[in-house]
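Numbering (the working numbering), first residue to last: 18 to 150.
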Amino acid sequence: KHCRPVHCRIMPVPTTLPEEFRVICHFPTDPLEGISQLNPVPPPYTPTGCYTQECKEIIDRIHDQSFLWPEEMKAVHHLIMLQEHASMWNEMEKGQFKHEYFPPVVMPVIEHIPWRVPVLLIPHSSLPGKVTS
């Protein structure tokens with residue numbers, strides 16, 4: 018493990034966050050505008066492009082039979098089939114938030130002078146009585 022010198026370390030400093038570094042969520046359009054309606058009687062599962070049989074088995078393993086009823090699990094699978102591009106199924110599908118909704122996060126770095134507690138020295142005259150082997 019490589020140790021960095023003290024002057025190169027970055028440590029959090031308690032302070033207030035300047036206004037230009039705050040992340041504010043914007044909604045230029047309604048995100049629920051184009052969402053499809055969920056069928057109250059869901060059809061049986063059929064593998065789709067991203068939501069494969071393997072992914073369905075993972076969801077079934079996570080939610081055992083005591084968690085949801087079978088009809089509720091059908092509704093869950095139907096919802097995931099309709100919104101399959103909203104989830105990441107492997108590392109290649111990983112993405113990021115759209116910049117129109119969330120601006121990029123900027124981490125502020127505050128210049129400051131590091132401080133430390135000085136070592137308390139023991140006078141030599143009191144050493145023989147304090148230090149024993």
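Yeah, the Cβ is synthetic: ideal placement off N, Cα and C, and Gly gets one too.
Here the structure is a predicted model, which is why all the values come from computation and not from measurement.
Any Cβ of chain D within less than 8 angstroms of the Cβ of residue i?
{"i": "P31", "result": "Structure shown: chain D not included; a single protein chain is present."}
Should residue i go down as buried or exposed, given a rule of 16 or more other Cβ atoms within 10 Å for buried?
{"i": "Y68", "result": "buried"}
{"i": "H94", "result": "buried"}
For residue i, report the span of its alpha helix (DSSP H) as first-last.
{"i": "V93", "result": "87 to 99"}
{"i": "C72", "result": "70 to 79"}
If you draw a straight line from the C-alpha of residue i to the C-alpha of residue j, how long is it?
{"i": "E88", "j": "G51", "result": "25 angstroms"}
{"i": "F119", "j": "I127", "result": "23 angstroms"}
{"i": "Q54", "j": "M98", "result": "12 angstroms"}
{"i": "I76", "j": "L96", "result": "12 angstroms"}
{"i": "E74", "j": "I27", "result": "44 angstroms"}
{"i": "Q100", "j": "I41", "result": "26 angstroms"}
Taking only three categories from DSSP, how would you classify residue i?
{"i": "E36", "result": "helix"}
{"i": "H116", "result": "coil"}
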